[in-house]
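Quick note on numbering: the sequence shown equals residues 22 to 234 in our numbering.
We put the beta carbon where it would ideally sit given N, CA and C, even for glycine.
Owing to the predicted nature of the structure, the values given are computational and were not obtained by experimental measurement.
Inspection log for the structure reproduced underneath, given as C-alpha cells.
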Amino acid sequence: MYRVGGHEFTFKKDLVGRLSQGLKDYAGKGRVDDQVLCDVLAELAGWHPNAAVKFASGIEYWIVMPNNDLEWNTDGYRAVLAKGGAPEKFGYSKVLSPREHKYFVAEALTHEAIEITREFRSMRFAAGPVYCAETSELITDIKQAEAVHRRPRRGVLHEQFLQSQGLTYEEVAVERARPSGRQLVDGGLAQAFREYQTARLDGMDIVKSKRAS
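See below:
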C-alpha cells in the first residue's frame, strides 16, 4: 500500500497513473481543483530535496501548464506560491524515483570544484572572446560559456579520482549543500579532489552554455 497526502494507492504505479492522468485532465484548463491531486502534490512537494527553498512561502494552489520554457513538448505541474512570482516547477518523477547515490556523489564532486572551473573560465576570457570547443562558435559573453572537462569526460574523471583514493561511490558520504545541491561530508576528500582537478586543467575546455542557445 502506498500512502501519500492522506490517500492510499495499492501500488506506486497507481499513484503515478493518477498524477499522469491529472496532467491530461487539466491541460489547457489551468488550476487543479481535484482535492486528491492537490493533497498528493502538496505532500510530494515536501519530499523534494530542495523543498525548503522551492516552496518556503507556502503553496496557494496547483496549476498545469506547458513546459515550453523547458523546451519540452509536455505539460507539467506548477505550484503557485503565496509570495507571488512565477509558478514553481515541480517534477513528481524526481521525488518518486530518486536518483541513485552515484548521481549525488558526482554532483558533490562537481560542487567541490566549482570555484576551480569558474576561475578557469575567467582565465580563458581574460584576453577576450573564446571559441566554443564543440561548435567553433565565437562566444563573446562569458555568461554564455561553461568550463567543462572533456579529456576525459567529467564522469570518468570522478571515477578515476575515487579509484586513486581506493574508494567506490557507495563509500563516499554526501550531504546537502547551501543553497542547493550536494557536497562531500569529508573535508579532506573534498580538498584532495580540488587538488586532483587543478592538476588536470589541460583536460578542460570552454563550450557555449546550452542555456544560452
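Quiz item: Would you say residue 136 touches the ligand SAH, meaning its beta carbon is less than 7 Å from a heavy atom?
Solution: The ligand SAH is not part of the structure shown, which contains no ligands of any sort.
Quiz item: Counting along the chain, where does the beta strand (DSSP E) carrying residue 190 start and finish?
Solution: Premise fails: residue 190 is in no beta strand (DSSP E) and is neither H nor E.
Quiz item: How would you call residue 185, buried or exposed, if buried means at least 16 neighbouring beta carbons within 10 angstroms?
Solution: exposed
Quiz item: How far does the beta strand (DSSP E) with residue 97 in it reach, from first residue to last?
Solution: 96 to 102
Exercise. Measure from the alpha carbon of residue 84 to the alpha carbon of each residue in 52, 56 and 207, then state which is nearest.
Key: 52
Quiz item: What is the rounded straight-line gap between the Cα of residue 174 and the Cα of residue 122?
Solution: 19 Å
Quiz prompt | Contacting residues, own chain, Cβ-Cβ under 8 Å from residue 72 (five flanking each side not counted) | solution = 66
Practice problem: Check whether the Cβ atoms of residue 153 and residue 163 sit closer than 8 Å, and answer yes or no. | Solution: no
Quiz item: Where in the segment 159 to 224 do unbroken runs of the beta strand (DSSP E), each at least 3 residues long, occur, reported from the N-terminal end onward?
Solution: 166 to 170, 195 to 197 and 203 to 205
Exercise. Would you identify the three-state DSSP class for residue 155, choosing helix, strand or coil?
Key: coil
Quiz item: So what's residue 234 in DSSP terms, helix, strand or just coil?
Solution: Low confidence applies to residue 234: its pLDDT is 47, below 50, so where it sits in the model is not reliable enough to give any reading.
Quiz item: Rounded to a whole number of angstroms, what is the C-alpha to C-alpha distance between residue 158 and residue 200?
Solution: 33 Å
Quiz item: DSSP three-state call for residue 76: helix, strand or coil?
Solution: coil
Quiz item: Going by the beta-carbon positions, is the gap between residue 177 and residue 129 smaller than 8 Å?
Solution: no
Practice problem: Over the uninterrupted alpha helix (DSSP H) stretch that includes residue 64, give me the two end residues. | Solution: 56 to 68
Quiz item: When the Cα atoms are used, what is the spatial distance from residue 224 to residue 36?
Solution: 45 Å
Quiz prompt | Inter-residue Cα distance where the pair is residue 167 and residue 41 | solution = 35 Å
Quiz item: Of the residues 227, 44 and 50, which one's Cα is nearest the Cα of residue 143?
Solution: 227
Self-check item: 8 Å Cβ cutoff, residue 73 in contact with chain B
Solution: Of the protein chains in this structure there is only one, and it is not chain B.
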